[in-house]
Structures are given as structure tokens and as C-alpha cells.
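Numbering (the working numbering), first residue to last: 570 to 757.
Ideal placement from N, C-alpha and C gives every residue a C-beta, glycine not left out.
In this text, all values refer to a predicted model and were calculated from it rather than measured experimentally.
1. Hey, how far is the Cα of residue 631 from the Cα of residue 614?
2. Report the rounded CA-to-CA distance for residue 761 versus residue 649, giving the unit in angstroms.
3. Within 10 Å of its beta-carbon, does residue 758 have 16 or more other beta-carbons around it, so buried, or fewer, so exposed?
4. Inspect the beta-carbon positions of residue 761 and residue 694 and report whether they are closer than 7 Å.
5. Along the chain, where does the alpha helix (DSSP H) that runs through residue 739 open and close?
6. Using DSSP with H/G/I as helix, E/B as strand and the rest coil, what is residue 687?
7. Please return the same chain residues whose Cβ sits closer than 8 Å to the Cβ of residue 744, not counting the five positions on each side in sequence.
Below, the structure is given as C-alpha cells:
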């Protein structure tokens, strides 16, 4: 019986080992097939995403080059305008003297109708020290500045036309400035 028991036990163990090995092999093959399928799906998905990415990159690159071309053209136009403005905006003291009959100093804010010594000093102390800066200022901002720095006695001053006058000055349009100042009521 022990001999039979040993041979039966050995047979059972061999069958179990063979079954386990077959189970591992079948499991491995099934798992490999699932992984292969998953890998294939992921590779297809990745290939599609790569194609979409490359398409997007190409589109963005084309848009970027187009926009860069527009910006370069715009920059060139701005440079041309700047050169033209610099050439036209250079202070012509002789032309100013002919129109006003007196010597005019560059960036003399008192050339603007309504600005006197005190207002000029307030403006210059606040950073508005040239005709160009005055021409870029807003009348409301100038009014607030006068009231803040000079007090309520400056409420009577109306800087509505000051930036316009400064623009005429920076453009050397002295005759137009004189005409505008003659039309304005009040004065210095």
C-alpha cells in the first residue's frame, strides 16, 4: 500500500505540476494577447495624437509666420512714420519767430494759450516738461493735476485745448496755432 500510495502520490504531483505549468503557459499567452491588443490600441492612439500634434504645429507655425510678417510690416511702417514725424517735428525756431514776432524757446509751455509761469512750473514739476508730453496728456488729467498741486484757485483754468495746441506746436504748424489762439477767448 505504501508503494501504491507513493506511486499514486507521485502521479498526482506530476499531473498537478503539468496542470500548473499548462495554466501558467495559457495564462501567459492570454495575458500576452491582451497586452498585445492594448499595446496595439495605444500605439494607434499615439499615432493619431502624433498626427494631430504635427498638424497643429504646422498650422500654428504657419499662423505664427503670417503674424510675424504682419508685425514686421507694421513695425516698418511705424519706423517710417517715426522718421517722418521726427523730420517734421523738429523745432523750427525761425518759423515760430516769424509768426509770433518774438523768440520762441523749445518746449516753452507758455507758448500754449492759458499757460503762464505758475502753471508751467506745476506742469514741469509733475513731469510734463515738453510740448510732446503736453500733447499726449488728457485735459481732465491736467485739470486734476492743477487742482491737486496748485489748489482751488486753478479751477478757473480750462486746459481743454492745451494738448491740441501742443500738437500744433510739435508739428511746427505755427500759423494754425496763432489762428486757434486768436479764436480762443481769455488768454494769459
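A quick look at the data gives this:
1. The straight-line gap from Cα to Cα measures roughly 26 Å.
2. In the structure as shown, the chain begins at 570 and stops at 757. Residue 761 is therefore absent and cannot be evaluated.
3. Missing from the structure shown is residue 758; the chain here goes from 570 to 757 and no further.
4. Past the edges of the chain, shown from 570 to 757, lies residue 761, and the structure says nothing about it.
5. Where residue 739 is concerned, the enclosing alpha helix (DSSP H) stretches over 731 to 739.
6. Three-state result, residue 687: helix.
7. Only residues of its own chain outside the window of five on either side were considered, and among them 668 have a CB closer than 8 Å to the CB of residue 744, listed in chain order.
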